[in-house]
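Q: Protein chains in written order, with this note's numbering: chain H, 21 to 198; chain A, 21 to 198. All C-beta atoms in this analysis are idealised placements derived from N, C-alpha and C, irrespective of residue type, glycine included.
Number of protein chains: 2
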Amino acid sequence: MRHTLSILVENRFGELARIVGLFSARGYNIESLTVAETLDPELSCVTLVTSGDDRTIEQIVKQVNKLVRVLHVADLTCEEHFERELVLINVKTESSAAMQTVLSLVSRRHLHVAEVMEDGLIIEATGEWKQINALVKELMPFGIRHIVRTGTVAVWKNPSAEVVGIAGGKRARLGAQQ
Amino acid sequence: MRHTLSILVENRFGELARIVGLFSARGYNIESLTVAETLDPELSCVTLVTSGDDRTIEQIVKQVNKLVRVLHVADLTCEEHFERELVLINVKTESSAAMQTVLSLVSRRHLHVAEVMEDGLIIEATGEWKQINALVKELMPFGIRHIVRTGTVAVWKNPSAEVVGIAGGKRARLGAQQ
C-alpha cells in the first residue's frame with residue numbers, strides 16, 4: 021500500500037541526505053519525494069511516498085523521527101488530509117486536427133494550457149496520483165515529448181501546532197543544546 | 021542566482037541518496053527538490069533548485085553527470101523551458117467576513133478552492149516561485165494553518181531525444197555493461 025509521509029526538518033545542510041540515506045540504507049524504496057521551504061525559513065517540509073505494509077511504515081517513521089534535526093514525522097495516510105500532484109506535459113500536435121483533439125480534451129477535463137508552441141503545447145494539470153496517471157494515459161497516443169511530475173504533496177485538514185512546527189518540544193530541546 | 025537542474029536517472033535503489041549526498045558532500049545547498057516517475061518506469065526525473073554563480077553550477081552539473089546511473093543533467097536556466105510550482109495552503113477563516121475576503125482573493129487571483137472546512141479552506145495554486153511567494157505573503161494575515169510547496173518543476177519547450185531518455189548513448193552503454 022502507498023503511504024504518504026510528511027516530515028518537518030530543520031533547514032540545515034545535509035539533512036535531506038540523512039533522511040534519503042536512511043531510506044536507502046534500510047532498503048525502503050522512495051516512489052516520490054518533494055522538499056521545499058515552509059513559512060519558517062529555518063524549516064523545510066519533505067513529502068515522501070513509499071510503499072509497504074503498516075508495520076514496515078511504522079518502523080521507518082520511528083527511525084526518521086530519531087534523526088536529531090527532524091521535528092515531526094507523520095504517516096498522513098492515517099490522518100484527515102488533502103493530496104495533490106502537479107504535472108507539466110509537453111504534447112506533440114503535428115497537425116491542426118491533433119491540436120483540435122488535444123484542446124477539446126483540455127477543455128473537457130478543465131486542464132490548463134500553459135504555453136502553445138508551433139507544433140505542440142504544454143499542459144499543466146493537478147490532481148491525485150491516480151488521476152494524473154489516467155491523464156497521462158489519455159495523452160500518450162498524441163506523443164508526449166517531455167513530462168515532469170512533482171510527486172505528491174499533502175496538507176492536513178486540522179493540523180496540530182506540532183505538525184506545522186510552531187511549538188515542537190523537540191525544537192525547544194534542540195535550541196537548548198546549541 | 022537560482023538555477024533549476026533537471027536530472028534523468030535510472031530508477032534504482034539508492035540513486036537519489038547518491039545525488040543528494042553529492043550535493044551535501046560538496047557543500048552545495050538544495051533549495052528545493054522533487055523526484056517522481058517518468059513515462060519509462062525504469063527512469064526517474066529529479067528537478068533540483070540550487071543557488072550559485074555560473075561556474076559553480078557548471079562544476080556540480082559535471083559531477084552529477086559522472087554518476088553512473090545518471091543519464092542526463094541539464095541546467096534549465098540556460099534553455100527554453102517552462103517552470104511551475106504547486107502549493108497547498110490551509111487558511112484560517114474564523115469569521116464569515118474573513119471567509120468572504122479570502123474567497124474574493126481566490127476569485128480575483130483565479131485560484132482553486134480544493135476543500136472547505138468549518139473554519140477554514142484549502143487553497144490550491146500553481147505558479148512560478150516568485151508568484152507563489154507573493155500569494156503566501158497575501159494570505160499570511162488571515163493565518164496559515166498548514167502549507168506545503170512542491171518546489172519547482174520544469175519542462176523543456178523543445179526537448180532533444182537524449183533529454184527525455186529515449187535515445188541516450190549513456191543508457192545503451194550501461195545496458196552493455198549489465
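Can at least three beta-carbon pairs, one atom from the region 86-100 of chain H and one from the region 32-50 of chain H, be found at a separation below 8 Å?
A: Yes, they touch.
Q: Taking Cβ-Cβ distances shorter than 7 Å, what residues in chain H pair up with M119 of chain A?
A: What M119 of chain A touches in chain H: nothing, since even the nearest Cβ is about 16 Å away.
Q: May I have the straight-line CA-CA distance separating L125 of chain A from E103 of chain H, to the nearest angstrom?
A: Near 22 Å, if we compare the C-alpha coordinates of E103 of chain H and L125 of chain A.
Q: If the cut is a Cβ gap below 7 Å, which residues of chain A does M137 of chain H touch?
A: Under the 7 Å cutoff, chain A gives K177.
Q: State the beta-bridge partners of K150 of chain H as determined by DSSP.
A: DSSP output for K150 of chain H lists no bridge partner at all.
Q: Can the beta-carbon of L53 of chain H be found closer than 8 Å to that of L59 of chain A?
A: No, Cβ-Cβ distance for L53 of chain H and L59 of chain A is not below 8 Å.
Q: Using the beta-carbon count (16 or more within 10 Å), is F162 of chain H buried or exposed?
A: Its Cβ being crowded by 16 or more others within 10 Å, F162 of chain H is buried.
Q: If we ignore side chains and look at the alpha-carbon of each, how far apart do I164 of chain H and H132 of chain A end up?
A: If I take the Cα positions, the gap works out to 26 Å.
Q: On the DSSP bridge assignment, give the partners of E110 of chain H in chain order.
A: With the sequence shown as reference, residue 110 of chain H is identified as Asn, and Glu is not the correct amino acid for it. Its beta-bridge partners are H:I142, H:H166.
Q: Along chain H, which residues have their Cβ under 7 Å away from the Cβ of C65 of chain A?
A: Ordered by position in chain H, the residues that pass the 7 Å Cβ test against C65 of chain A are V168.
Q: Check R89 of chain H in the structure and name its three-state DSSP category.
A: Of the three classes helix, strand and coil, the one that applies to R89 of chain H here is coil, per DSSP.
Q: Give the C-beta separation of E62 of chain A and N110 of chain A to the nearest angstrom, bearing in mind that I take them to be a contact with Cβ-Cβ under 8 Å.
A: With 8 Å as the limit, E62 of chain A and N110 of chain A do not qualify as a contact, their Cβ atoms being about 36 Å apart.
Q: By the 10 Å Cβ neighbour count, where 16 or more other Cβ atoms means buried, how is G140 of chain A classified, buried or exposed?
A: G140 of chain A is buried by the Cβ-count criterion.
Q: Alpha carbon to alpha carbon, what distance is there between S115 of chain H and T97 of chain H?
A: Roughly 44 Å between the two C-alpha positions.
Q: Given that L125 of chain A touches chain H, what residues does it touch there, using C-beta distances under 7 Å?
A: Within 7 Å Cβ-Cβ: nothing; L125 of chain A doesn't reach chain H, min ~18 Å.
Q: Would you tell me roughly how many angstroms separate the C-alpha atoms of D74 of chain A and I27 of chain A, rounded to the nearest one?
A: Roughly 17 Å between the two C-alpha positions.
Q: For A174 of chain A and M119 of chain A, what's the separation of their Cα atoms in angstroms?
A: So the two alpha carbons sit approximately 34 Å from each other.
Q: Starting from the beta carbon of I27 of chain A, find every residue of chain H whose beta carbon is closer than 9 Å, and list them in chain order.
A: Those do not exist, as I27 of chain A stays about 11 Å from chain H at its closest Cβ, beyond 9 Å.
Q: How is the beta strand (DSSP E) around E57 of chain H delimited, first residue to last?
A: Run containing E57 of chain H: 50-57, per the beta strand (DSSP E) assignment.
Q: Assign V122 of chain H to one of two classes, buried (16 or more other C-beta atoms within 10 Å of its C-beta) or exposed (fewer than that).
A: Its Cβ being crowded by 16 or more others within 10 Å, V122 of chain H is buried.
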